[in-house]
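There are 2 protein chains.
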Amino acid sequence: MQTPRTQQRQTPDTRRKSLIDATIACLKSGGLEAASVRKVSARAGVSVGLINHHFSNHEALIAAAYAEIAEALFAVSWDAAQAAGNNPRDQLRGFVRGALSLGTTDTESLKIWIAFWTMNERSALIKQVHDESNREHRKKIEHLLQRLQQERGVKAFDMRLAAIGLSAMLDGLWLEMCLDPHTFSVDEAVQMCDSWIEGICRGTFQVTSDA
Amino acid sequence: MQTPRTQQRQTPDTRRKSLIDATIACLKSGGLEAASVRKVSARAGVSVGLINHHFSNHEALIAAAYAEIAEALFAVSWDAAQAAGNNPRDQLRGFVRGALSLGTTDTESLKIWIAFWTMNERSALIKQVHDESNREHRKKIEHLLQRLQQERGVKAFDMRLAAIGLSAMLDGLWLEMCLDPHTFSVDEAVQMCDSWIEGICRGTFQVTSDA
DNA sequence: GCAGCAATTGAACAGGTGTTCAATAGTTGC
DNA sequence: GCAACTATTGAACACCTGTTCAATTGCTGC
Numbered sequence: 003m004q005t006p007r008t009q010q011r012q013t014p015d016t017r018r019k020s021l022i023d024a025t026i027a028c029l030k031s032g033g034l035e036a037a038s039v040r041k042v043s044a045r046a047g048v049s050v051g052l053i054n055h056h057f058s059n060h061e062a063l064i065a066a067a068y069a070e071i072a073e074a075l076f077a078v079s080w081d082a083a084q085a086a087g088n089n090p091r092d093q094l095r096g097f098v099r100g101a102l103s104l105g106t107t108d109t110e111s112l113k114i115w116i117a118f119w120t121m122n123e124r125s126a127l128i129k130q131v132h133d134e135s136n137r138e139h140r141k142k143i144e145h146l147l148q149r150l151q152q153e154r155g156v157k158a159f160d161m162r163l164a165a166i167g168l169s170a171m172l173d174g175l176w177l178e179m180c181l182d183p184h185t186f187s188v189d190e191a192v193q194m195c196d197s198w199i200e201g202i203c204r205g206t207f208q209v210t211s212d213a
Numbered sequence: 003m004q005t006p007r008t009q010q011r012q013t014p015d016t017r018r019k020s021l022i023d024a025t026i027a028c029l030k031s032g033g034l035e036a037a038s039v040r041k042v043s044a045r046a047g048v049s050v051g052l053i054n055h056h057f058s059n060h061e062a063l064i065a066a067a068y069a070e071i072a073e074a075l076f077a078v079s080w081d082a083a084q085a086a087g088n089n090p091r092d093q094l095r096g097f098v099r100g101a102l103s104l105g106t107t108d109t110e111s112l113k114i115w116i117a118f119w120t121m122n123e124r125s126a127l128i129k130q131v132h133d134e135s136n137r138e139h140r141k142k143i144e145h146l147l148q149r150l151q152q153e154r155g156v157k158a159f160d161m162r163l164a165a166i167g168l169s170a171m172l173d174g175l176w177l178e179m180c181l182d183p184h185t186f187s188v189d190e191a192v193q194m195c196d197s198w199i200e201g202i203c204r205g206t207f208q209v210t211s212d213a
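Heads up: the protein sequence lines correspond to chains V and F, in order. Going by our numbering, the first residue of the first sequence is number 3, and it counts up by one from there. Going by our numbering, the first residue of the second sequence is number 3, and it counts up by one from there.
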């Protein structure tokens, strides 16, 4: 009944990959509502039905895109940390700068993450991806903080809370940068995170907290 | 052509208010997609067309809800600050605790804010509401920090950046609490913000930054 | 060369969306 | 009591959504 012109038959893996890429491109351009099955399939140069052939759900497609994006962001931050030197303090600074660098704090990135957050409450699959990526992210920060503590010989501090705090500040700064890029500069953001780390080094954040 | 049974004629102001309330309820229950004109009108016990009679747009309806929610959240934080005593340090703590208190860090609140963020890129109207509310929020934090500086006689620090940093940390903690309430407790969150303030008091965050 | 398998198609379906607009009906002023 | 005004209605419109499925095709093993 149909008359398909040029059918490019692909390996399932290859096709999945290209569909995920198209999904990411759509999400960047206009968030969740720009990543409908029709728009994604159009972008991938493929028919509507193919998506449901390779992914059980629209939800599963978005989740796959989520996993890829989260991994990429983590890689950028981690590479920046490694490239910043051996000093754990410098590495932390590099990590922060990487996370807030160009390409991650633009409108496009925000649209993607908002899309994921939107689905987070509705989809157990998305929630799972979020938890996994978050745990990995914080574990790295904790690792760097631990090395900082050892090498600088600072007083003991609550490692878990310090990591959570830095992670939260990073997220908050990132969010505000995306929502309104004029509020502060990248350098100022890095400086603020650095102040937090400096505070830790000076023993602000000790285990036995007495306010 | 229609046969409306009981038509409750209302003042435009009253009707607008009840439509905004219904919108907020819908947003809480299921985010943006649960706040369609049909669902909102159903919740308000009113016909579809009435929304477009009182609001020029669906967008305008959401923006009105945004303004109301933002004001309410600010009032909660500010009241908590006032109730915490006269000491600026205590007031800051109160402010933070208020912002992270029950009723603001649940799934419902997150759904609302995600909805606003989603529209932030598309709608100039929403963007306007966001900027206004953000400015007000940070101005209050800055004011409290200024009093802290004066009364405690701490070294001069960059007021603007300190306020932005605290605001960002607050936002980041709030976001993570909403996404996963098990990561840390409210008390721990308050403690983290307090550590930031403590760091400021100890001169971590001076104007002339030398890392 | 041909059979079997699976990648691919697109029409069809049931349902949703925001906006428009003629028709209806409460309310107010005279 | 009646006219003018306007809050309110809901059907209609054009368009979008995710999923399904028979039909079509390209590839692989034999």
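The beta-carbon is built from N, C-alpha and C at its ideal position, and this holds for glycine as well.
- Using a 10 angstroms sphere on the CB of V:A82, the tally of other CB atoms reaches 16 or more, which defines it as buried.
- The continuous alpha helix (DSSP H) containing F:D189 extends over residues 188-203.
- Taking 4 residues as the minimum length, the alpha helix (DSSP H) runs contained wholly in the segment 106-187 of chain V are 109-122, 126-154, 161-181, in order along the chain.
- Membership of V:G100 in the alpha helix (DSSP H) is indicated by the continuous run 90-101.
- Of the candidates V:K19, V:I143, V:Q130, the residue whose Cα lies closest to the Cα of V:G100 is V:I143.
- Nearest neighbour of F:L163 by Cα position, chosen from V:R17, V:A191, V:L21, turns out to be V:A191.
- Less than 8 Å divides the Cβ of V:T107 from the Cβ of V:M179.
- The three-state reading of DSSP puts F:V48 in coil, since its state is none of H, G, I, E or B.
- Boundaries of the alpha helix (DSSP H) around V:R17: 14-32.
- Counting only Cβ-Cβ distances below 8 Å, V:K113 has contacts in chain F at E123, in chain order.
- Within the segment 64-86 of chain F, not one residue has a Cβ closer than 8 Å to any Cβ of chain V.
- At least 8 Å separates the beta-carbon of F:L75 from that of F:I199.
- 8 Å or more divides the Cβ of F:A65 from the Cβ of F:A117.
- Its Cα nearest to that of V:T109, the residue F:N122 stands out among F:N122, F:L112, F:W115.
- The beta carbon of V:R17 sits closer than 7 Å to the beta carbons of H56 from its chain, once the five residues preceding and following it are set aside; these are given in chain order.
- In the DSSP annotation of this structure, the continuous segment of the alpha helix (DSSP H) that includes V:A77 starts and ends at 60-85.
- The Cβ of F:L181 sits closer than 8 Å to at least one Cβ of chain V.
- By the CB criterion at 8 Å, V:S43 and V:S49 fall inside the cutoff.
- V:S135 places its beta carbon 8 Å or farther from that of V:A77.
- Going by beta carbons, V:L52 and V:T25 fall outside the 8 Å limit.
- Residues of chain F with a Cβ closer than 9 Å to the Cβ of V:S103 do not exist; the shortest Cβ-Cβ separation is about 17 Å.
- The C-beta separation of F:S187 from F:R140 comes to about 26 Å, leaving the pair out of contact by the 8 Å criterion.
- Look at F:A170: its C-beta is under 8 Å from a C-beta on chain V.
- Taking the CA atoms as reference points, F:A46 sits about 33 Å from V:L112.
- Pairing F:T185 with V:T120 gives a Cβ-Cβ distance that is not under 8 Å.
- Beyond the five residues adjoining it in sequence on each side, F:G32 comes within less than 8 Å, by CB distance, of K113 in the same chain, given in chain order.
- V:L177 and V:L29 have their C-alpha atoms spaced approximately 17 Å apart.
- Cα atoms of F:L21 and V:G201: separation of roughly 48 Å, rounded to the nearest angstrom.
- Shown here for V:N54: not one same chain residue has a beta carbon closer than 7 Å to its own, the five before and five after excluded.
- Within the segment 39-68 of chain V, not one residue has a Cβ closer than 7 Å to any Cβ of chain F.
- Within the same chain, no residue comes within 7 Å of V:Q12 by CB-CB distance, once the 5 residues on both sides are set aside.
- A distance below 7 Å between beta-carbons, with the five flanking residues on each side excluded, links F:H60 to the following residues of its chain, in chain order: V39.
- Assigned with DSSP and collapsed to three states, V:A37 falls in coil, not helix or strand.
- Note that the C-beta distance between F:D182 and V:D133 is below 8 Å.
- Interface criterion not met: the Cβ of V:S187 is under 8 Å from no Cβ in chain F.
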